[in-house]
Amino acid sequence: MQEAECILLDADGAVSQVGVLDVPKDMIGNIVPGTYTATFSLAAHYQTRKIESRLTNLTRLPNKQERAAAADKA
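Sequence positions in the sequence shown follow our numbering and run 973 to 1046.
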């Protein structure tokens, strides 16, 4: 398992928390720095049986330059 440094943003885009997120094996090597929305599932840990969240998908959001380029094309 790989870890990713993350900054959680609130609805206004302000920093609310900073932490580490476990990246599933199938996503390792496919994630680049950027802003993402994440999807999670719940599952029981196989050793502790504690219910925990697991990252299932990341959707990259366009950065300012990408948004500006898209607006220029429109």
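Idealized CB from N, CA, C, for every residue including glycine.
Beta-bridge partners assigned by DSSP to D994: E975. Separation of the CB atoms of L1033 and T1007 is rounded to 5 Å, and the pair is thereby assigned contact status at 8 Å. In the structure shown, Q1037 falls within a helical segment according to DSSP collapsed to helix, strand and coil.
Here A1046 carries a coil assignment [DSSP, helix/strand/coil]. Taking C-beta separations shorter than 8 Å and ignoring five residues to either side along the sequence, the partners of V995 in its chain run M973, Q974, E975, A976, I1003, L1027, following chain order. In the DSSP assignment, A1010 falls within the beta strand (DSSP E) that extends over 1007-1016.
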